[in-house]
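Protein sequence lines, in the order shown, are assigned to chains R and D. Counting the first sequence from 1 gives a position; my numbering is that position plus 38. Counting the second sequence from 1 gives a position; my numbering is that position plus 13. Backbone N, C-alpha and C fix where the C-beta goes; we use that ideal spot for every residue, glycine too. None of these values were measured; they are calculated from a predicted model.
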Amino acid sequence: GAVVSQHPSWVICKSGTSVKIECRSLDFQATTMFWYRQFPKQSLMLMATSNEGSKATYEQGVEKDKFLINHASLTLSTLTVTSAHPEDSSFYICSARGWDRAGEKLFFGSGTQLSVL
Amino acid sequence: DAKTTQPPSMDCAEGRAANLPCNHSTISGNEYVYWYRQIHSQGPQYIIHGLKNNETNEMASLIITEDRKSSTLILPHATLRDTAVYYCIVRVGAGAGNMLTFGGGTRLMVKP
Chain R
39 GAVVSQHPSW
49 VICKSGTSVK
59 IECRSLDFQA
69 TTMFWYRQFP
79 KQSLMLMATS
89 NEGSKATYEQ
99 GVEKDKFLIN
109 HASLTLSTLT
119 VTSAHPEDSS
129 FYICSARGWD
139 RAGEKLFFGS
149 GTQLSVL
Chain D
14 DAKTTQPPSM
24 DCAEGRAANL
34 PCNHSTISGN
44 EYVYWYRQIH
54 SQGPQYIIHG
64 LKNNETNEMA
74 SLIITEDRKS
84 STLILPHATL
94 RDTAVYYCIV
104 RVGAGAGNML
114 TFGGGTRLMV
124 KP
């Protein structure tokens, strides 16, 4: 099936710095990617929908200036957490719409654990 | 999208069948039932989906009741590696490549 690669798998940063997370579709083109956030023992929460060549659509309550999303190519979307603070510490997961032999599916990256000190 | 209700946790003995229930009493005619699972500290993994007929693939079987108000995911021979959180999601359309709304899921613990 299709593979979505997410990098880095974990990152530790100081408060006030910015962190960039990359999400790549390795063997298919993804016009649409989704970014989720997950706190410990909780479910995934959709943050934004990333569309290639256009502005991302953010869910209610998600600050677009805080979480910058760029989807400049059909295989890469990036999420930049700007001026990170400890409350931004979370597990961030990307996903992309792709195909395998069973049809269209949503494929997920392996996630990025962000810890802000 | 219709809301789903799942038990928060379940245990299963290794080698036995794991039957995970999901209630979706408000499901409408054009909504599909999807199952994903998330192993600790990883991204979710697609398992199976269906509309009204029972479905089977190499990972699991999906049994949907005739009135479609509930479904059961069956892992026929659970292994320790099946320990994960299982999410039942209902949404419109056969295309599974759209954004998904995750509920609480069921934390399945497979024990030796």
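At what residues does the beta strand (DSSP E) containing R/S88 begin and finish?
-> Taking the first sequence and counting its residues from 1, one reaches residue 88 of chain R at position 50. Note, R/S88: beta strand (DSSP E), M83 to N89.
Report the three-state DSSP secondary structure of D/E68 (helix, strand or coil).
-> Within the second sequence, the letter at position 55 stands for residue 68 of chain D. In the structure shown, D/E68 sits in a strand (DSSP, three-state: E or B).
Using 8 Å as the threshold, is the region 82-90 of chain D in touch with the region 136-143 of chain R, meaning 3 or more CB pairs across them?
-> Counting Cβ pairs under 8 Å, fewer than three are found: no touch.
Should the region 146-155 of chain R be regarded as contacting the region 97-105 of chain D, the criterion being three or more beta carbon pairs within less than 8 Å?
-> By the C-beta criterion, the region 146-155 of chain R is judged not to be in contact with the region 97-105 of chain D, since fewer than 3 inter-stretch pairs fall below 8 Å.
Close Cβ partners of D/K82 (< 6 Å) along its chain, the five nearest in sequence each way excluded | Here the question's residue 82 of chain D lines up with position 69 in the second sequence. Cβ within range, chain order: S38.
R/V49: first and last residue of the uninterrupted beta strand (DSSP E) it sits in = Indexing the first sequence from 1 puts residue 49 of chain R at position 11. For R/V49, the uninterrupted beta strand (DSSP E) run begins and ends at W48 to C51, by DSSP.
With burial defined as no fewer than 16 other Cβ atoms inside 10 Å of the residue's Cβ, what is the status of D/W48: buried or exposed?
-> Counting from one through the second sequence, the residue named residue 48 of chain D turns up at place 35. With 16 or more other CB atoms across the displayed protein chains lying within 10 angstroms of its CB, D/W48 is buried.
Can you tell me whether DSSP reads D/R126 as helix, strand or coil?
-> In the structure as shown, chain D starts at 14 and stops at 125, and residue 126 of chain D therefore has no counterpart that could be examined.
Kindly identify the DSSP beta-bridge partner or partners of R/H45.
-> Here residue 45 of chain R corresponds to residue number 7 of the first sequence, with the count starting at 1. In DSSP, R/H45 forms a bridge with R/E60.
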